[in-house]
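For reference, the structure is listed below as structure tokens.
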Ligand code: NAD
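Residue numbers (the UniProt record's numbering): 1 to 259.
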């Protein structure tokens, strides 16, 4: 098992990509703190992990709430005595062209991704520096390195997370902390399913065309990236044995973006 004896925190892990990674980490031997907006949604994932024989705890943690994040990390350390992997995964999407975008929608997207990633990073690093090591991970996107129309706040926030990841790689090195960012293409989760009809309406095309002519147009094979693809990369990055791999963005997108 590649994550034996490790303790991991994953935000937004009640469903979607975060849940898939939480379950994969548990199968690899990690004890997983599953954080989401409500305790109930986090508990669904914890139940699934426990039914499969793994170890997990549920945390109600709005990542934009400083106190909730600090208290959540404190609860993990109190329960398990360490924090080895922290993945800032919680995220939202908003579809609108810039000229129609409400400031409140811009701020909300920026806050969940960027304030959330900062607060989780700060709380995790305080523990990781004390124990002389750990791994920070960020759920970026192809939109950390590419732009698309109608998604300005998401694109700006995901680019910002890439910057935070790199800054943490520089600062964390002397404390044994590595920092990397996962950049998936489109994965069929509630976040993506919600935006297909929204984009169809905004662009005046069918939902099938949103999938084939917008989302998957630039992939090499017209395929969605899967939850398994992303969770396998998340295990690999967490388990990597040295600081040779730090400050990196790894794109997993069927060739949509090549770097
Ligand atoms: P999802 O909507 O299925 O899950 C997101 C989770 O984040 C939900 O459980 C939600 O409750 C939680 N969340 C939202 N706001 C939160 C907050 N303030 N505090 C704590 N939790 C919060 O979405 P997903 O597709 O699984 O996305 C997960 C991450 O992956 C996001 O950062 C997203 O930007 C990124 N991503 C997704 C795709 C994709 O195609 N699905 C591609 C690239 C990157």
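We treat Cβ as the ideally placed atom computed from N, Cα and C, and that holds for glycine. Being a predicted model, the structure only gives us computed values, none of them experimental.
Review point. Who pairs with residue 88 in a beta bridge, going by DSSP?
Key: Along the chain shown, one-based indexing puts residue 88 at 88. As DSSP reads the structure, residue 88 sits in a beta bridge with 138.
Exercise for review: Mind checking who residue 97 pairs with in its DSSP beta bridge?
Suggested key: Residue 97 sits at position 97 when you count from the first residue of the chain shown. Paired residue(s): none; residue 97 is not in a bridge.
Check your understanding: When every heavy atom of the ligand NAD is checked, does at least one fall within less than 7 Å of the C-beta of residue 141?
Key -> On the chain shown, residue 141 is found 141 positions in, with the first residue counted as 1. Yes, the Cβ of residue 141 comes within 7 Å of a heavy atom of the ligand NAD.
Practice item. Check whether the segment 218-235 touches the segment 250-257, counting contact only when three or more Cβ pairs, one atom from each stretch, lie closer than 8 Å. Key: Touching, per the Cβ criterion.
Practice item. Assign residue 193 to one of two classes, buried (16 or more other C-beta atoms within 10 Å of its C-beta) or exposed (fewer than that). Key: On the chain shown, position 193 is the one that residue 193 refers to. Exposed, because fewer than 16 other Cβ atoms sit within 10 Å of the Cβ of residue 193.
Check your understanding: Could you give the residue range of the beta strand (DSSP E) that holds residue 57?
Key -> On the chain shown, residue 57 is found 57 positions in, with the first residue counted as 1. Here the beta strand (DSSP E) through residue 57 covers 55-60.
**Study point:** Rounded Cβ spacing between residue 13 and residue 69 (contact assumed at less than 8 Å)
**Key:** Position 13 of the chain shown, counted from the start, is the residue given in the question as residue 13. Position 69 of the chain shown, counted from the start, is the residue given in the question as residue 69. Not quite, the Cβ-Cβ distance comes to about 14 Å (not below 8 Å), so this is no contact.
Practice item. Throw me the rounded Cβ distance for the residue 109 and residue 153 pair, which I believe falls under 8 Å. Key: For this step, residue 109 is matched to residue 109 along the chain shown. For this step, residue 153 is matched to residue 153 along the chain shown. The Cβ separation is near 4 Å, so the contact holds.
Practice item. Would you kindly report the start and end of the unbroken alpha helix (DSSP H) that includes residue 69? Key: Within the chain shown, numbered from 1, the residue matching residue 69 stands at position 69. Judged by DSSP secondary structure, residue 69 falls within the alpha helix (DSSP H) whose first and last residues are 66-80.
Check your understanding: Less than 8 Å separating the beta-carbons of residue 59 and residue 34?
Key -> Walking along the chain shown from the start, residue 59 turns up at place 59. Walking along the chain shown from the start, residue 34 turns up at place 34. Yes, the pair counts as a contact, with Cβ atoms nearer than the cut-off.
Review point. According to the neighbour-count rule (16 or more other Cβ atoms, all chains shown, within 10 Å of its Cβ), is residue 205 buried or exposed?
Key: Counting from 1 along the chain shown, the entry for residue 205 is found at position 205. Its Cβ having fewer than 16 others within 10 Å, residue 205 is exposed.
Exercise for review: Classify residue 23 as buried or exposed, calling it buried when 16 or more other Cβ atoms lie within 10 Å of its own Cβ.
Suggested key: Looking up residue 23 in the chain shown gives position 23. Flag for residue 23 reads buried.
Practice item. Return yes when the Cβ of residue 119 is within less than 8 Å of the Cβ of residue 8, no when it is not. Key: The residue given as residue 8 occupies position 8 in the chain shown. The residue given as residue 119 occupies position 119 in the chain shown. Between residue 8 and residue 119, the C-beta spacing is not below 8 Å.
Practice item. Measure the Cβ-Cβ separation of residue 183 and residue 231 and say whether it is below 8 Å. Key: Start at 1 with the first residue of the chain shown, and residue 183 comes out as number 183. Start at 1 with the first residue of the chain shown, and residue 231 comes out as number 231. Cβ distance not < 8 Å, so residue 183 and residue 231 don't count as in contact.
Exercise for review: Give the straight-line distance between the Cα atoms of residue 177 and residue 237, rounded to the nearest whole angstrom.
Suggested key: For this step, residue 177 is matched to residue 177 along the chain shown. For this step, residue 237 is matched to residue 237 along the chain shown. Roughly 12 Å between the two C-alpha positions.
Check your understanding: What three-state label does DSSP hand residue 45 in the structure shown?
Key -> If you number the chain shown from 1, residue 45 lands on position 45. Residue state, collapsed to three classes: helix.
Review point. For residue 158 versus residue 179, is the C-beta distance shorter than 8 Å?
Key: Taking the chain shown and counting its residues from 1, one reaches residue 158 at position 158. Taking the chain shown and counting its residues from 1, one reaches residue 179 at position 179. No, Cβ-Cβ distance for residue 158 and residue 179 is not below 8 Å.
Check your understanding: Mind checking whether the beta-carbon of residue 260 lies closer than 7 Å to any heavy atom of the ligand NAD?
Key -> The requested residue 260 does not occur in the structure, where the chain is confined to residues 1 to 259.
Check your understanding: Ends of the alpha helix (DSSP H) at residue 11?
Key -> Taking the chain shown and counting its residues from 1, one reaches residue 11 at position 11. Unbroken run through residue 11 is the beta strand (DSSP E), 7-11; no alpha helix (DSSP H).
Exercise for review: Give the straight-line distance between the Cα atoms of residue 160 and residue 199, rounded to the nearest whole angstrom.
Suggested key: If you number the chain shown from 1, residue 160 lands on position 160. If you number the chain shown from 1, residue 199 lands on position 199. So the two alpha carbons sit approximately 24 Å from each other.
Check your understanding: Got a sec? Which residues, its chain only, sit under 7 Å from residue 38 by beta carbon, not counting five neighbours each side?
Key -> Within the chain shown, residue 38 is the residue found at index 38, counting from 1. Close CB contacts of residue 38 within its chain, under the 7 Å cut and outside five residues either way in sequence, are with 60 (chain order).
Check your understanding: In terms of residue numbering, what span does the beta strand (DSSP E) encompassing residue 131 cover?
Key -> One-based indexing of the chain shown puts residue 131 at position 131. No beta strand (DSSP E) holds residue 131; DSSP gives it neither H nor E.
Exercise for review: Excluding the 5 residues preceding and the 5 following residue 121 in the sequence, name in chain order all residues of the same chain whose CB lies nearer than 8 Å to its CB.
Suggested key: One-based indexing of the chain shown puts residue 121 at position 121. For residue 121, the CB contacts under 8 Å within the same chain, skipping 5 residues up- and downstream, are 86, 88, 136, 164, 168 in chain order.
**Study point:** Alpha-carbon to alpha-carbon, residue 151 and residue 166
**Key:** In the chain shown, residue 166 corresponds to position 166, counting from 1. In the chain shown, residue 151 corresponds to position 151, counting from 1. Distance between the alpha carbons of residue 166 and residue 151: 23 Å.
Point to revise | Nonlocal neighbours in the same chain, by C-beta distance under 8 Å from residue 211, ignoring five residues either side | key: Start at 1 with the first residue of the chain shown, and residue 211 comes out as number 211. Contacts found: 196.
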